[in-house]
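Protein chains in written order, with our numbering: chain V, 1 to 404; chain L, 1 to 133.
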Amino acid sequence: MKNMMNLALGIVTSIGGFLDVGAIATAALAGAAFGVQMLWVLAVGTLCVMFLTEMAGRLACVSHHSLVDAVRERCGFRYFSFLLIGELLVDLLVLAAEIGGVAVALHLVTGVDYRWFVPIVAFALWVLIWLGTFSIVQNGASLLGLITLSFVVGMWWMGPPWHEAMKALVPSAPSHDTAKYWFTAVGIIGALFEPFMLNFYASGAIEEKWSLKDITMNRVTAVLGMGFGAVIAISIVMLSALTLGPHGIQVDSYEQAALMMVQPFGSWGIPLFAASLGIACFGASLQVALNLSYLFSQGFGWNWSENLKPHDDARFAMVYTLAIPVGALLVVVLGDPLKITTFSMALNALLAPVIVFPLLILMNDRYYVREYRNHAIGNVFVSAIVVLAFLIAIVAIPLEVLGG
Amino acid sequence: MRVLCASVIVALAAASAACSKSPEKVTREARQAAASWAATLSAGAEWWGSGSVSTPYFRSIVAQARTSLQQEEKTARSSAGEAAAAPVKAVASHVDAIAGAVERGNRAAAILAAHAAASEVPAEKTPAVAKPQ
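This is the structure in structure tokens:
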């Protein structure tokens, strides 16, 4: 019974953790601009992230190493420094996007400029991490994140074109706006592959003292949690395709994206969208801020655990204490949270190989994972998708950014 | 490592060289943005009129539309001339009337002004099931 409860909680937290500002923004953008045509990107990306999450969890279960810790040990300090700088820059940008997402959610229901909410959100974030334990941070936000199921209800309400959606699972080229199509595809992949998520998941497994007996639970959690999370993301694409595209509304701001919920829910639509966006982003910003602390602490061998009091792992606490205001400042300085989001998600796709390939090396190393090594299918599939996303990102990012 | 870095630099340079925008593209994008904001204002006004969205929310849509249209108009004018900016300017000319109607709480006037904005540039509607290439 206890195992079942743990499993259910694991799945729920994975669903909650799956959706964040990137997943919501890129899915809404894709649905409004290209209908259900981009569902195949979500399907391929989800399959890939299932493999990766399972690997990160298996590494923790067998070797009791987090991903960063093992990369530092296996690949050396020079490689780790490269990873540290890349992930620091991208995570700060993602943190800014998530804080911006919460602030925009509050703006949607109050009408007050989102910038006023940024310091309040940042302070609330810091207080929760400072005072909370890992299970409060992880499970609390994720349980509240179940409100994002309202996207699934909304899609159901609108009567989705199931037959066409199934056809859209086969990859296809766009009929218009080629650069935007591929930039959005990279954004969707980046929103799924967020490198912070892999190390956060592995660190969480160590915080919760997973061991060999948790290997099956890890596998089921990765597959079902990510699978159900993908269902919510697919619902956003379909809802956006059914409600915004046919009106000729493109998603250039969160105000436009929120309109997708008005048709199915009437006056509840905007508050539901705002609650979903706000809670999903708040949960994700907790994870990104904590991951930055994990990244530095595990890499430099400092004391680390969200379950310790801040004075017992002072440097761990210092990292998130510094990262949160920097993220908040970036939202105010850079402006337009939606643009920060789409750009940071594309950068995720660029950074993915830097963290995924060492993970693959570790998952084939008998010293770390003993007889629990990867099968060839997992290695080949994950490598192919990550390389492809990286190559598309290299071409699509300058095309979209320099082309405006 | 050097080969990888060189490949990345070459790819970036090629992509950057390929992405300078033609005036036709700027004109088309300006038109798309104008049509999208006009459709947003029109749908938003209808839903505000029926009480499906709150006044602060509709007010923020109008404010966002004003900012985005101003930026789009400036970009279109500087890159492709007055003709490219014309549809954006046409939609933007109705924003003040919509904002005024919101401040007075006059829902019928807001709907009328938003429909007038939408009639300036017909929306490019994307069907849920878009035909792939």
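Cβ coordinates follow ideal geometry from the N, Cα and C atoms, glycine included. On a predicted model such as this, the values are computed, not experimentally measured, just so you know.
task = Please name the residue, chosen from V:Val102, V:Phe183, V:Tyr79, that lies closest to Ile120 (chain V) on a Cα-to-Cα basis.
result = Looking up residue 120 (chain V) in the first sequence gives position 120. Comparing Cα positions, the closest option is V:Val102.
request  = Identify the contact partners of Ala124 (chain L) in chain V, using a Cβ-Cβ distance below 7 angstroms as the criterion.
outcome  = Here residue 124 (chain L) refers to the residue found at position 124 when the second sequence is read from its first residue. Here residue 124 (chain L) is Glu; the residue named in the question, Ala, does not match the sequence. Near Glu124 (chain L) (Cβ distances below 7 angstroms), the residues of chain V are Gly248.
request  = Check the C-beta distance from Ala25 (chain V) over to Leu338 (chain V) and give it rounded, since I have them as a contact under 8 angstroms.
outcome  = On the first sequence, position 25 is the one that residue 25 (chain V) refers to. On the first sequence, position 338 is the one that residue 338 (chain V) refers to. About 6 angstroms separates the two Cβ atoms, so the contact holds.
query = Using a Cβ-Cβ cut-off of 6 angstroms (strictly less than) and excluding sequence neighbours within five positions of Ile61 (chain L), which residues of its own chain qualify?
reply = The residue given as residue 61 (chain L) occupies position 61 in the second sequence. Gly44.
Same chain, Cβ closer than 8 angstroms to Gln32 (chain L), five either side skipped, listed in chain order = Taking the second sequence and counting its residues from 1, the one referred to as residue 32 (chain L) is at position 32. So the qualifying residues of the chain are Glu124.
key: Proximal residues, the region 29-50 of chain V versus chain L, C-beta separation under 9 angstroms   = Result list: Gly31, Ala32, Ala33, Phe34, Gly35, Val36, Gln37.
task = Measure from the alpha carbon of Gln70 (chain L) to the alpha carbon of each residue in L:Gly81, L:Gly51, L:Val91, then state which is nearest.
result = The residue labelled residue 70 (chain L) in the question sits at position 70 within the second sequence. Of L:Gly81, L:Gly51, L:Val91, the residue nearest in Cα terms is L:Val91.
request  = Check Ile111 (chain L) in the structure and name its three-state DSSP category.
outcome  = Position 111 of the second sequence, counted from the start, is the residue given in the question as residue 111 (chain L). Here Ile111 (chain L) sits in helix by DSSP.
ask   = With 8 angstroms set as the bound, which would you pick, yes or no: does the beta-carbon of Pro161 (chain V) sit closer than that to a beta-carbon of chain L?
value = Here residue 161 (chain V) refers to the residue found at position 161 of the first sequence. By the rule that beta-carbons nearer than 8 angstroms mark a contact, Pro161 (chain V) touches chain L.
query = Skipping 5 residues on each side, what residues in its chain have a beta carbon closer than 6 angstroms to that of Thr27 (chain L)?
reply = In the second sequence, the residue the question calls residue 27 (chain L) occupies position 27. Hits under 6 angstroms: Ala80, Ala84.
query = So, helix, strand or coil for Trp304 (chain V), using DSSP?
reply = Position 304 of the first sequence, counting from 1, holds the residue named residue 304 (chain V). Reduced to three states, the DSSP call for Trp304 (chain V) is coil.
inquiry  = So, at 6 angstroms on beta carbons, what are the nonlocal neighbours of Val104 (chain V) in its own chain, with the 5 sequence-adjacent residues on each side left out?
reply    = Locating residue 104 (chain V) in the first sequence gives position 104, counting from the first residue. Taken in chain order, the residues that qualify are Tyr114, Tyr254, Pro337.
7 angstroms Cβ shell around Ser437 (chain V) - same chain, five flanking residues per side excluded = A question about residue 437 (chain V) goes unanswered here, because the residues of chain V that appear run from 1 up to 404.
key: Whole alpha helix (DSSP H) elements within the region 107-143 of chain V, 4-residue minimum   = 118-131
ask   = Residues in its own chain within less than 7 angstroms of Leu59 (chain V) by CB, not counting five upstream and five downstream?
value = The residue labelled residue 59 (chain V) in the question sits at position 59 within the first sequence. Cβ within range, chain order: His65, Leu67, Ala70, Ala202, Leu362, Met363, Tyr368, Val369.
inquiry  = Among the candidates V:Phe196, V:Thr178, V:Cys48, whose CA atom is the shortest distance from the CA of Ile385 (chain V)?
reply    = As a first step, residue 385 (chain V) is located in the first sequence; it is residue number 385 there, counting from the start. Per the Cα distances, V:Cys48.
request  = Please confirm if the region 202-221 of chain V is in contact with the region 313-321 of chain V, defined as three or more CB-CB distances below 8 angstroms between the two stretches.
outcome  = no
query = Which word fits Asn199 (chain V), buried or exposed, when buried means at least 16 other C-beta atoms lie within 10 angstroms of its C-beta?
reply = Taking the first sequence and counting its residues from 1, the one referred to as residue 199 (chain V) is at position 199. Burial state of Asn199 (chain V) is buried, judged by a 10 Å Cβ sphere holding 16 or more other Cβ atoms.
task = Pull up the distance between the alpha-carbon of Phe228 (chain V) and that of Tyr320 (chain V), whole angstroms please.
result = Counting from one through the first sequence, the residue named residue 228 (chain V) turns up at place 228. Counting from one through the first sequence, the residue named residue 320 (chain V) turns up at place 320. Using only the alpha carbons, I get a separation of about 30 angstroms.
ask   = CB-CB under 7 angstroms to Ser305 (chain V), same chain, minus the five flanking residues each way: which ones, in chain order?
value = Here residue 305 (chain V) corresponds to residue number 305 of the first sequence, with the count starting at 1. Counting only Cβ-Cβ distances below 7 angstroms, and skipping sequence neighbours, we find Glu207, Asp313.
request  = For Glu54 (chain V), count neighbouring C-beta atoms within 10 Å of its own C-beta (all shown protein chains included) and say buried if the count is 16 or more, exposed if not.
outcome  = For this step, residue 54 (chain V) is matched to residue 54 along the first sequence. Buried.
message = I'd like the ranges of any alpha helix (DSSP H) spanning at least 4 consecutive residues and lying wholly in the region 23-72 of chain V.
response = Annotation note: the region 23-72 of chain V contains the following uninterrupted alpha helix (DSSP H) runs of length 4 or greater, listed N- to C-terminal: 39-63.
ask   = Could you check where the alpha helix (DSSP H) with Arg31 (chain L) kicks off and where it finishes?
value = Here residue 31 (chain L) refers to the residue found at position 31 when the second sequence is read from its first residue. Here the alpha helix (DSSP H) through Arg31 (chain L) covers 23-49.
ask   = From His94 (chain L) to Trp182 (chain V), what distance separates their C-alpha atoms?
value = On the second sequence, position 94 is the one that residue 94 (chain L) refers to. On the first sequence, position 182 is the one that residue 182 (chain V) refers to. Their backbone Cα atoms lie some 34 angstroms apart in a straight line.
request  = Taking only beta carbons into account, state which residues of the region 255-268 of chain V come closer than 7 angstroms to chain L, listed in chain order.
outcome  = Interface annotation for the region 255-268 of chain V against chain L: Glu255, Gln256, Leu259, Val262, Gly266, Ser267, criterion Cβ-Cβ distance under 7 angstroms.
query = Ordered along the chain, which non-local residues of its own chain (more than five positions away) have a Cβ less than 7 angstroms from that of Ala116 (chain L)?
reply = Against the second sequence, residue 116 (chain L) aligns to sequence position 116. Excluding residues within five positions, the ones whose Cβ falls inside 7 angstroms are His94.
request  = Give the range of the alpha helix (DSSP H) segment to which Phe193 (chain V) is assigned.
outcome  = Mapped onto the first sequence, residue 193 (chain V) falls at position 193. Run containing Phe193 (chain V): none; DSSP gives neither H nor E here.
query = What are the boundary residues of the alpha helix (DSSP H) that Leu224 (chain V) is part of?
reply = Residue 224 (chain V) sits at position 224 when you count from the first residue of the first sequence. No alpha helix (DSSP H) contains Leu224 (chain V), which DSSP labels as neither H nor E.
request  = Go through its chain and collect everything with a Cβ distance to Phe357 (chain V)'s Cβ below 8 angstroms, but skip five positions before and after it.
outcome  = Taking the first sequence and counting its residues from 1, the one referred to as residue 357 (chain V) is at position 357. Cβ within range, chain order: Ser383, Val386.
task = Would you mind stating whether Val326 (chain V) and Ala30 (chain V) have Cβ atoms separated by less than 8 angstroms?
result = By one-based count along the first sequence, residue 326 (chain V) stands at place 326. By one-based count along the first sequence, residue 30 (chain V) stands at place 30. For the pair Val326 (chain V) and Ala30 (chain V), the CB atoms are not nearer than the 8 angstroms cut-off.
inquiry  = Using beta carbons (cut-off 8 angstroms, strictly below), is Thr341 (chain V) in contact with chain L?
reply    = The sequence position of residue 341 (chain V) within the first sequence is 341, counting from 1. So, not an interface residue.
query = What is the DSSP secondary structure of Tyr372 (chain V), counted as helix, strand or coil?
reply = If you number the first sequence from 1, residue 372 (chain V) lands on position 372. It is coil, neither helix nor strand.
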